[in-house]
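*Asks:*
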Amino acid sequence: MHRLEEMTDQGFHLKKVDVQSETVKQGVLLGSHRDDHYLFFLGLTGMGSVMVDFEEFTLEANTLFYILPGQMHSYRGSDAAATGWFMALDPGLVPDSFRAVLENPLLSIKPVAVMPAELEPMLQCLELMDTLQRRLDPCYSRQAVYHMLSAFTAMFTDVYARQQCIPADKVSRSQTIMLEFRKLLSVEYKQLKSAGEYAAALHLSLSYLNEAVKDTTGFTVSYWIQQQIVLEAKRLLYYSQYSVKEIAHRLGYEDHTYFSRLFKKTVGRTPLEFRGLYR
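Written as structure tokens, this is what we have:
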């Protein structure tokens, strides 16, 4: 897991990039990895591609894309004309109303086209942030940049929200609970395996947690627990040399045969069949 604090102490890292920039070169050298922060991309010219959790995405001119904290990803390359903006951002600097959209399980995270009327203010915002972070007065500049960060994330989120009909102006109680559940699930999936355990950890009744999660996503708590386990299993099968038994143990299952049955029931293939398909 790559940590943002290893890159900056400001909570964000903003760069205008092309194929010759150090940010792009370092990204390619990293190979497949995870980050503890958001990654936002704005493609301006040319084409580039990135692999995120077994799906390859192409970034073209005037497109937006983002990667969530914890998602396995790798940079696949770009053509000579590719340019754009890259931002790494601490989740703590993203308001809950925006996170509710960006982390909504029903949102299809894929590159989206940005119209000229939307693109111009976003570019102005990025250029201004880039200028402000270089100013000699760090106190003044940092405060100003954080205001610009909020403006940029608002515009970025609004593009996704409007294209996929997800309200971005407020967070319901159910959405807040869903965010808290997903945050806990991403950390405790190896230890907590039942919906009741998550309800207890969140100090909620099981029925209330299930109602909130299903109201927000259309699926139950147990469904999302299973999806998280299977996603982590896929990542380990693809990116590691661990045996199925070792993967089961790393995910908190003493009985690897039970884990294999769960995986096949969810994916439609055994763990080894999945590994063979993607290698």
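Residues in the sequence shown are numbered consecutively from 891, following this note's numbering.
C-beta atoms are modelled at their ideal positions from N, C-alpha and C, and glycine is treated no differently.
(1) Nearest to H927 by alpha carbon, out of K906, G933, G938, Q900?
(2) Output the distance between the C-alpha atoms of A1051 and V991, rounded to the nearest integer angstrom.
(3) So is L1167 buried or exposed if we call it buried at 16+ other beta carbons inside 10 Å?
(4) Which residues mark the beginning and the end of the beta strand (DSSP E) in which H903 is found?
(5) In this structure, what does DSSP give as the bridge partners for E1008?
(6) How would you label R1172, buried or exposed, when you count the other beta carbons within 10 angstroms and need 16 or more for buried?
(7) Here's the rule I'm using: 16 or more other beta-carbon atoms within 10 Å means buried, otherwise exposed. How should V907 be labelled?
(8) Who are the near neighbours of Y1132 in its chain, counting only those whose CB is closer than 8 angstroms to its CB and skipping five residues on each side?
(9) Who does D925 pair with in a DSSP beta bridge?
(10) Are the CB atoms of G986 and L1069 nearer to each other than 9 angstroms?
(11) Within the 9 angstroms Cβ cut-off, does M897 reach chain C?
(12) In three-state DSSP terms, what is L1167?
(13) Using the Cβ count rule (16 or more neighbours within 10 Å means buried), how would you classify S1210?
(14) I believe L949 touches M937 by the beta-carbon criterion, under 8 angstroms. Please report the beta-carbon distance rounded to the nearest angstrom.
(15) Grab the span of the alpha helix (DSSP H) containing Y1128 for me, first residue to last.
(16) State whether the stretch 1072-1081 contacts the stretch 1114-1125, with contact taken as three or more CB pairs (one from each stretch) at a distance under 8 angstroms.
(17) From L1013 to G1158, what does the alpha carbon distance come to, in whole angstroms?
(18) Would you list the residues sitting across from Y965 in a DSSP beta bridge?
(19) So, are the CB atoms of F931 and T1043 less than 9 angstroms apart?
(20) Would you list the one or two residues that DSSP bridges to L979?
(21) List, from N- to C-terminal side, the alpha helix (DSSP H) runs of 4 residues or more that fit wholly inside the stretch 1082-1110.
(22) Over what stretch of residues does the alpha helix (DSSP H) that includes E1070 continue unbroken?
(23) Quick check on DSSP: helix, strand or coil for V1002?
(24) Tell me which same chain residues have a C-beta within less than 6 angstroms of the C-beta of A971, skipping the five on either side of it?
(25) Excluding the 5 residues preceding and the 5 following M1045 in the sequence, name in chain order all residues of the same chain whose CB lies nearer than 8 angstroms to its CB.
(26) Do Y1113 and S922 come within 9 angstroms of each other at the CB atom, strictly closer than that value?
(27) Helix, strand or coil: which one does DSSP assign to L934?
*Replies:* So, to answer that:
(1) Closest by alpha carbon: Q900.
(2) Cα-Cα distance, rounded: 7 angstroms.
(3) Exposed, by the Cβ-count rule.
(4) Counting along the chain, H903 sits inside the beta strand (DSSP E) bounded by residues 902-908.
(5) Residue pairing by DSSP places E1008 in no beta bridge whatsoever.
(6) Here the chain has residues from 891 to 1169 only, and residue 1172 is not among them.
(7) The residue in question, V907, is buried, as its Cβ has 16 or more Cβ neighbours within 10 Å.
(8) Hits under 8 angstroms: L1126, R1140.
(9) In DSSP, D925 forms a bridge with H892.
(10) Residue identity check: residue 986 is Asp in the sequence provided, not Gly. With a cutoff of 9 angstroms on beta-carbon distance, D986 and L1069 are scored as near each other.
(11) In the structure shown, chain C cannot be found, because there is only a single protein chain.
(12) Three-state DSSP puts L1167 in a helix.
(13) As shown, the chain starts at 891 and ends at 1169. That puts residue 1210 outside it, with no answer to give.
(14) With 8 angstroms as the limit, L949 and M937 qualify as a contact, their Cβ atoms being about 7 angstroms apart.
(15) Counting along the chain, the alpha helix (DSSP H) containing Y1128 begins and ends at 1111-1129.
(16) Yes: the two stretches touch, three or more of their Cβ pairs being nearer than 8 angstroms.
(17) Just so you know, the alpha carbons of L1013 and G1158 end up roughly 44 angstroms apart.
(18) The partner list for Y965 (beta bridge, DSSP) reads V940.
(19) Contact flag unset, no.
(20) Beta-bridge pairing links L979 to F902, Y928.
(21) For the stretch 1082-1110, whole alpha helix (DSSP H) runs of length 4 or above, ordered along the chain, are 1085-1091, 1096-1107.
(22) Looking at the DSSP string, the run of the alpha helix (DSSP H) that includes E1070 is 1063-1078.
(23) Reduced to three states, the DSSP call for V1002 is strand.
(24) Hits under 6 angstroms: T935, G936.
(25) Its chain contains E1008, P1011, M1012, C1015 as the residues whose beta carbon lies nearer than 8 angstroms to that of M1045, once the 5 sequence neighbours on both sides are disregarded; these appear in chain order.
(26) The Cβ atoms of S922 and Y1113 do not sit closer than 9 angstroms to each other.
(27) Reduced to three states, the DSSP call for L934 is strand.
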